[in-house]
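Student: In the numbering used here, the protein residues as written are 71 to 379. Every residue, glycine too, gets a C-beta built ideally from N, C-alpha and C.
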Amino acid sequence: MLKSFRAALTLSVITLTALGTSSALAAPLKVVASFTVIADFAKNVGGDRVSITTIVGPDGDAHVYEPSPADAVAMAGADVVLVNGLHFEGFLQRLVDASATKAAIVTLTKDVTPIDFKPEFADADAAEGAGKTVTDPHAFQSIANARIYVKNIAEAFCAADSEGCVGYQTNAAAYTKKLDALEGEVKAAIQSIPEEKRVVITSHDAFGYFEHEYGLTFLAPQGISTDSEPSAADVAKLVNQVKQDKAAAMFIENITNPRLIEQIASETGIKVGGTLYSDALSQPEGPASTYIDMMHNNIAQIKGAILGS
Ligand SMILES: [Zn+2]
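1) Within this structure, are the beta carbons of V151 and A173 separated by less than 9 Å?
2) Where DSSP assigns a beta bridge to E323, which residues make up the other side?
3) Take the Cβ of V102 as the centre, count every other Cβ of all protein chains shown within 10 Å, and call the residue buried at 16 or more, exposed below.
4) Kindly provide the ranges of any alpha helix (DSSP H) runs that are 4 or more residues long and lie completely inside the stretch 123-172, ordered along the chain.
5) Whether or not the stretch 137-151 and the stretch 117-125 are in contact is what I'm after, with contact meaning three or more pairs of Cβ atoms, one per stretch, closer than 8 Å; do they touch?
6) Taking only three categories from DSSP, how would you classify S232?
7) In terms of residue numbering, what span does the alpha helix (DSSP H) encompassing H308 cover?
8) Going by Cα to Cα distance, which pick from G378, A148 and D315 is closest to I271?
9) Sorted by chain position, which residues of the same chain lie with C-beta nearer than 6 Å to T345's C-beta, five sequence neighbours on each side aside?
10) Just how far apart, CA to CA, sit I376 and C235?
11) Between which two residues does the alpha helix (DSSP H) holding K373 run?
12) Short of 8 Å in beta carbon distance, which residues of its chain neighbour E337, apart from the five on each side in sequence? Order them along the chain.
13) Does any heavy atom of ligand 1 sit closer than 8 Å to the C-beta of D129?
14) Just checking, does the stretch 249-265 make contact with the stretch 289-296 on the three C-beta pairs under 8 Å criterion?
15) From the DSSP output, in three-state form, read off S41 for me.
16) Report whether the distance from the Cβ of S121 to the nearest heavy atom of ligand 1 is below 8 Å.
17) Between the stretch 262-271 and the stretch 236-246, do at least 3 Cβ pairs fall closer than 8 Å?
18) Assuming D67 and A276 form a contact by the criterion Cβ under 8 Å, report the distance between their Cβ atoms to the nearest whole angstrom.
19) So the alpha helix (DSSP H) I108 belongs to, where does it begin and stop?
20) Would you tell me roughly how many angstroms separate the C-alpha atoms of F187 and H208, rounded to the nearest one?
21) So if I measure from each beta-carbon to every heavy atom of ligand 1 and keep distances below 5 Å, which residues remain?
22) What residues in its chain sit with their C-beta under 7 Å from that of K257, if we drop five residues either side in the sequence?
23) Can you find the residues in the same chain that come closer than 6 Å, C-beta to C-beta, to S169, ignoring five residues on each side of it along the sequence?
24) Using three-state DSSP, classify T246 as helix, strand or coil.
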């Protein structure tokens, strides 16, 4: 009786060991990504060695997201947690504390050169406080920075799963090549717009890194976060500036209420040019369900609205 139990136990250990040596059947690395852009990068680097849970889903707003009990459960069971950092995820510390997760919390903006944001319209009180600046968290809107996120993800996966490391590095290198090609397309698209027309309006300041990298100016009535409504005075100031500078186009964002942009459109006579994906990807069936598709969508919308093509 005891002997057969031992035999059965030995057999099951052998079976588990055999399964463990096959990468396809090994338990996947449990990864939590704070939002959709990071989840897409992680999928490209991790392939089928990782299973990914995304906290803030498609079209979601990470600035104001309220975590659910299910998010805390996912965090508690994670091997690796991937976050943007720079205070992009307003909920992050609360969720880390609530979940008591022991996973490595990996900040993907590590090694990114942050850019400062000077409030023009929103956060009027802060702006009056002696030109205070804050760090812009939307670093992923520069493709050069996306490459850094991907490098950091590969390093985190290698640290957590050394057996998969060669695969992660190979995947990261292949995806980085796609990002290089994408960067060329985005630069060419913006270069094709006459310089005096490279001014557009969006709801909130999500595109500072895009502006810095590619040379398109974005004006926005809300600051770098969506957590406060712009004042009537801020909106009036933007409307005036738009009338003088003649911004070439105006866009709603997938994560924000379109009401404010529609109001500015009606007051200035500038048509709403379409939807830009700012802080989240689209649903799977939408036009921006991957980072690369998001960039393709955004440059097509911007070119289409400004050049009418
Ligand atoms: Zn944002």
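Tutor: Per the coordinate set shown:
1) The residue labelled residue 151 in the question sits at position 81 within the sequence shown. The residue labelled residue 173 in the question sits at position 103 within the sequence shown. It is a contact, given that the beta carbons lie within the stated cut-off.
2) Within the sequence shown, the letter at position 253 stands for residue 323. According to DSSP, which records beta bridges pairwise, E323 is partnered with L346.
3) Here residue 102 corresponds to residue number 32 of the sequence shown, with the count starting at 1. With 16 or more other Cβ atoms within 10 Å, it is buried.
4) 139-146 and 162-169
5) yes
6) Numbered from its first residue, the sequence shown carries residue 232 at position 162. Helix at S232.
7) Here residue 308 corresponds to residue number 238 of the sequence shown, with the count starting at 1. Reading off the sequence shown, one finds Leu at residue 308, where the question assumed His. Residues A302 to D315.
8) Taking the sequence shown and counting its residues from 1, the one referred to as residue 271 is at position 201. The residue with the shortest Cα to Cα distance from I271 is D315.
9) Working through the sequence shown from its first residue, we reach residue 345 at position 275. Closer than 6 Å at Cβ, skipping near neighbours: I322 and N324.
10) Position 306 of the sequence shown, counting from 1, holds the residue named residue 376. Position 165 of the sequence shown, counting from 1, holds the residue named residue 235. Cα-Cα distance, rounded: 45 Å.
11) Walking along the sequence shown from the start, residue 373 turns up at place 303. First-last of the alpha helix (DSSP H) with K373: Y361 to L377.
12) One-based indexing of the sequence shown puts residue 337 at position 267. Hits under 8 Å: V309.
13) For the purposes of this step, residue 129 is taken as residue 59 along the sequence shown, with counting starting at 1. Outside the cutoff, so no.
14) no
15) This structure gives no information on residue 41, because the portion of the chain shown stretches from 71 to 379.
16) The residue labelled residue 121 in the question sits at position 51 within the sequence shown. No, ligand 1 has no heavy atom inside 8 Å of this Cβ.
17) no
18) No information on residue 67 is available, as it lies outside the stretch 71 to 379 that the chain covers here.
19) Translated into the one-based positions of the sequence shown, residue 108 becomes position 38. Where I108 is concerned, the enclosing alpha helix (DSSP H) stretches over T106 to G116.
20) Here the question's residue 187 lines up with position 117 in the sequence shown. Here the question's residue 208 lines up with position 138 in the sequence shown. Spanning the two alpha carbons is a distance of roughly 11 Å.
21) A276 and D349
22) Residue mapping note: residue 257 aligns to position 187 of the sequence shown, counting from 1. Excluding residues within five positions, the ones whose Cβ falls inside 7 Å are Y284.
23) Residue 169 sits at position 99 when you count from the first residue of the sequence shown. Closer than 6 Å at the Cβ level, and outside the excluded window around S169, lie A142, M145 and A146.
24) Within the sequence shown, the letter at position 176 stands for residue 246. Helix at T246.
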